[in-house]
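So for the sequence shown, my numbering puts the first residue at 2; every next one is plus one. Cβ coordinates follow ideal geometry from the N, Cα and C atoms, glycine included. Working notes, structure below.
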Amino acid sequence: MISDRGGAPGEIHERRRDFRRAYSTFLVTAAIVVAVDQVTKQLALGSLSGRSIDLLGEILTLRLTLNSGGAFGVLQGFPGFFMAVTLVILACIVLFVRRLDDRRLLVPLGLILGGGAGNLCDRLFRALDGRVVDFIDFHVWPVFNLADSAITIGVCLILLTSARPLNPKE
C-alpha cells in the first residue's frame, strides 16, 4: 500500500502512479484469464454435450464433465465449501497484492486470481448446482479447464520467482 508518509510530494505522486500501473497489470491479467476461461467453457458446453473430440491421437480429448470438487476433481461433492474457500483466497490475494513489493509476482498472482474467479463464476452463475465446467482430458490426469491451468501456472511461476533473488547481483 502506498503511504503518504515520507518523501516529497513528487515522489509520493510517482509511487502512487507506479502502484496504479502495477495493480492494473495484476487486474488485467486476471480479467483476461476469466474472459478466456468463460468463453472456452461456453464453447465446451455448446459443442461437447454428449460427445468428445479426440485431439493428438489418444493424448488429448476434449470431453465435457461437470466437477463439484476442487481443481482436477479433488474432494467431489462439496461445492459450497469450495465457493467459500475460493472467496476467502481471492480476497486475500487482492489484499496481499496491495502490499506487494515484488512486482515479479503480479502476473502470477493475476493468473491465480483469474483462475479462481473463473471457476467461482461457474459455481455462482451457471445453472450447474455449484459445479465447474471441465473439458481438457489428457487421460493420465483428471479432466480440467483453463482456469485450473492458470492457477497451476501462477503457482509454478511464484515458485520459480521465489527461487531467484530480486536483485540479480545477489
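In terms of Cβ geometry, I113 and I137 do not form a close pair [threshold 8 angstroms]. Assignment of D130 by DSSP, reduced to helix, strand and coil, places it in the coil class. Closest in C-alpha terms to N68, from the list I60, R52, L57 and G81, comes G81. Around the CB of F83, 16 or more other CB atoms lie within 10 Å, so the residue is classed as buried. Contiguous beta strand (DSSP E) elements confined to the stretch 48-98 occur at 53-56 and 61-68, taking only those with 3 or more residues. Here S53 is near T62, since their CB atoms are less than 8 angstroms apart. When secondary structure is reduced to three states using DSSP, F27 falls in the helix class. For a cut-off of 8 angstroms, the C-beta gap from A23 to G115 is around 16 angstroms, too long to register as a contact.
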